[in-house]
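Keeping their order, the protein sequence lines are chains A and B. Every letter in the first sequence is one number past the one before it in this note's numbering, and letter 191, counting from 1, is 191. Counting the second sequence from 1 gives a position; this note's numbering is that position plus 1000. Even glycine gets a Cβ: it sits at the ideal position worked out from N, Cα and C. Working notes, structure below.
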Amino acid sequence: MSDSLREILDIGVFWEFRNILLRGLLVNFLVFFGAAAVALGVGLGAALLRVSRFRVLRAVGTVHVEIFRNAPDYVMIVWVHFVLPLLIGTLLHTRFELNPFASGVLALGLVYSGYFAETFRTGIEAVPSGHLEAGRSLGMGETLLMWRIVLPQVVRRMLPESINIFISLFKATTIVSLIAVPDLMYNVSMITQQEMRPLPLYTGAALVYFAIVLVAGSALRAVAERWRAKIT
Amino acid sequence: MNNWDRLVWNQREALLAGLQVTIEVCLISFAAAIVGGMVLCLLRMYVKPVRPIAIVLIEFFRATPILVQLLWVNYVWPELFGWPNTFFAAACTALAVQSSGYLAETFRAGIEAIPKGQREAAYSVGMSPALTFRRIVLPQVLLSSAPSIINQFTVIVKSSTLVSVITVQDLMFQSQKIVNIAYEPIEILTATAAMYIGFIFIVSMAGKLLADRLRRSYGIGSRLPT
């Protein structure tokens, strides 16, 4: 017991491989930002479909949300990485490949677009109808109304409340290591295999993620609190 | 359609065996997470000396990614505590540990939402704190947090796809095994994804219906996390 404890506290291994581990962490952040961009864009699109006037478009939006919100991250990553390129290749009659990084970003982006779509939709529906009527009475078209009146309010209101989704997304970026994207977790597993010392490495990795999520989470929440105080 | 027959229907025994393991892992860790979450919550709220420890544990369980936790429990715990000694136990422990952190916070919110007057009324008719908790607080907390608890079950099912990484032979493991043998991923992976999505969809629909019903019958506001 005390031997294992001493080994856990031995951060020498972590220091020895600091370069490769930091590069891995950078990959986590790159996947995070890429997937967040995809998720926000696709999520907004799906939300607009869900509040559309046309029933068909609404149905498409609903199906999108229900599929991706209920899909496990890992299953979606594996599907996008191994199945989607084949389907696209068959459609285009060419060989099509996605590198692991692109697959990871796309899959996580799609999964989290389902969550963002719901957040955006609640935000759109929360805009008082008086604002819409005022806009219409000034002669604004539906599109202009959406961009000028509705969306600015939605973004201000919903981004602070999306913090939990962003945090889940960041935690999910570790899963891309399973399709060989060289993120922190992938590098930790590789070093473990080479050094045969899982204790300090896995414990260290857990603590690194813990620290990042805790610090970033509380910082974002503090900022959001201020932001919300300003708009309401 | 021929491919679907050959790759999915003919492999149904392996897939069903995997599904059974998935369900076992999910149910065991769900039950453990509810108990663990309640214990963590009570330690945090009512046992002053261990309060900081409980807070750190809850935050640690909530803030670490499930894959990291799974590998950490699987590789580090056996050397530290001599347990868990099987991959199956490690998988259940990791999933339970993560969800117990979330459920502890759900329960805390539920307990704090109960008006103080109810507890005072219970004490004034001579009920002990333990009895008050069991008779007055706990039933209301379980009812008001039922939608969140069900939602947590969908999280467990989603996370359970990762236990294949430590060679627990769940649905994901079986389907990837078939892919590795047949080299034809389209049908089998699509079918697997559809099974997971369908299952989680049904569970979350049940949660939503229950939340609506609670709101209508008891006026309990649901706090379903997004």
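Counting only beta-carbon separations shorter than 8 Å, does residue 1178 (chain B) have a partner in chain A?
no
Please confirm if residue 185 (chain A) has its CB atom under 8 Å from at least one CB of chain B.
yes
Uninterrupted alpha helix (DSSP H) stretches inside the segment 106 to 194 of chain A (no shorter than 4 residues)
129 to 137, 142 to 145, 151 to 161, 163 to 172
Neighbour flag for residue 66 (chain A) against chain B, beta carbons, 8 Å
yes
Compute the Euclidean distance between the alpha carbons of residue 18 (chain A) and residue 172 (chain A), then round it to the nearest angstrom.
22 Å
Roughly how many angstroms separate the alpha carbons of residue 151 (chain A) and residue 188 (chain A), rounded to a whole number?
Between the alpha carbons of residue 151 (chain A) and residue 188 (chain A) lies a gap of roughly 42 Å.
Roughly how many angstroms lie between the CA atoms of residue 135 (chain A) and residue 127 (chain A), to the nearest whole one?
Roughly 12 Å between the two C-alpha positions.
Rounded straight-line distance, which links the Cα of residue 1215 (chain B) to that of residue 1222 (chain B):
Low local confidence applies: a pLDDT of 46 at residue 1222 (chain B) is under 50, so the model's placement there is unreliable, and no value is given.
Flag residue 175 (chain A) as yes if its beta-carbon sits less than 8 Å from any beta-carbon of chain B, otherwise no.
yes
Which residue marks the beginning of the alpha helix (DSSP H) containing residue 1023 (chain B), and which one marks its end?
Residue 1023 (chain B) -> alpha helix (DSSP H) spans 1012 to 1046.
Considering residue 1074 (chain B), what are the terminal residues of the alpha helix (DSSP H) in which it resides?
Counting along the chain, residue 1074 (chain B) sits inside the alpha helix (DSSP H) bounded by residues 1066 to 1075.
Could you give the residue range of the alpha helix (DSSP H) that holds residue 90 (chain A)?
84 to 92
What are the residues of the segment 199 to 212 of chain A that lie near chain B, defined by any Cβ-Cβ distance shorter than 8 Å?
So the list reads 199, 202, 203, 205, 206, 209, 210, given in the order they occur along the chain.
Select from B:1107, B:1128, B:1007, B:1177 the residue whose C-alpha is nearest the C-alpha of residue 1140 (chain B).
B:1107
Considering only residues of the segment 190 to 220 of chain A, which uninterrupted beta strand (DSSP E) runs meet the minimum length of 3 residues and lie entirely inside it, listed in chain order?
For the segment 190 to 220 of chain A, not a single whole beta strand (DSSP E) run of length 3 or above is found.
Can you give me the C-alpha to C-alpha distance between residue 1144 (chain B) and residue 1103 (chain B), rounded to a whole angstrom?
13 Å
In terms of alpha-carbon separation, which member of A:115, A:167, A:55, A:193 lies closest to residue 41 (chain A)?
A:115
Can you list, in chain order, the residues of its chain whose CB lies under 8 Å from that of residue 183 (chain A), leaving out five sequence neighbours each side?
Excluding five sequence positions before and after residue 183 (chain A), the CB atoms of its chain that fall closer than 8 Å to its own CB belong to 24, 25, 27, 28, 31, 173, 174, 176, 177, given in chain order.
Measuring CB to CB, does residue 1066 (chain B) end up less than 8 Å from residue 1098 (chain B)?
Yes; because the gap between Cβ atoms is below 8 Å, this pair is in contact.
Quick check on the burial criterion: 16 or more other C-beta atoms within 10 angstroms. Buried or exposed for residue 1005 (chain B)?
Counting every other CB atom within 10 Å of its CB across the protein chains shown gives residue 1005 (chain B) a total below 16, marking it as exposed.
Please determine, among A:118, A:211, A:72, the residue with the shortest C-alpha to C-alpha distance to residue 49 (chain A).
A:118
Residue 1183 (chain B) - containing alpha helix (DSSP H), residue span
Run containing residue 1183 (chain B): none; DSSP gives neither H nor E here.
Select from the segment 46 to 77 of chain A all residues with a C-beta closer than 9 Å to any C-beta belonging to chain B, and list them in chain order.
If the cut-off is 9 Å between Cβ atoms, the segment 46 to 77 of chain A has 66, 67, 68, 69, 70, 71, 72, 73, 74, 75, 76 near chain B.
Anticipated Cβ contact below 8 Å, residue 1179 (chain B) with residue 1070 (chain B), distance rounded
Not a contact, Cβ separation roughly 21 Å.
Taking C-alpha atoms, which residue in A:213, A:113, A:200, A:120 lies nearest to residue 15 (chain A)?
Comparing C-alpha distances from residue 15 (chain A) to each of A:213, A:113, A:200, A:120 shows the shortest one belongs to A:200.
Please report how far the alpha carbon of residue 1039 (chain B) lies from the alpha carbon of residue 1052 (chain B), in whole angstroms.
14 Å
8 Å CB neighbourhood of residue 1044 (chain B) in its chain, flanking five on each side removed:
1051, 1054, 1055, 1058, 1104, 1108
Against chain A, does residue 979 (chain B) count as a neighbour if the rule is that its beta carbon must be under 8 Å from one of theirs?
With chain B covering 1001 to 1226 only, the question about residue 979 (chain B) has no answer from this structure.
Counting only Cβ pairs nearer than 7 Å, list the residues of chain A close to residue 1076 (chain B).
For residue 1076 (chain B), the C-beta contacts it makes with chain A under 7 Å involve 198, 199, 202, 203, in order along the chain.
Mind pulling the beta strand (DSSP E) runs of 3 or more residues that sit fully within the segment 1125 to 1187 of chain B?
DSSP runs (the beta strand (DSSP E)) wholly in the segment 1125 to 1187 of chain B: none.
Taking C-beta pairs closer than 7 Å, name the residues in chain A that residue 1161 (chain B) reaches, listed in chain order.
72, 74, 75
Pairwise C-alpha distance: residue 228 (chain A) and residue 36 (chain A)
22 Å
For a cutoff of 8 Å on Cβ pairs, would you count residue 87 (chain A) as touching chain B?
yes
Alpha-carbon spacing of residue 38 (chain A) relative to residue 59 (chain A), whole angstroms
If you take the alpha carbons of residue 38 (chain A) and residue 59 (chain A), they lie about 21 Å apart.
Are residue 1030 (chain B) and residue 1153 (chain B) closer than 8 Å when you measure CB to CB?
yes
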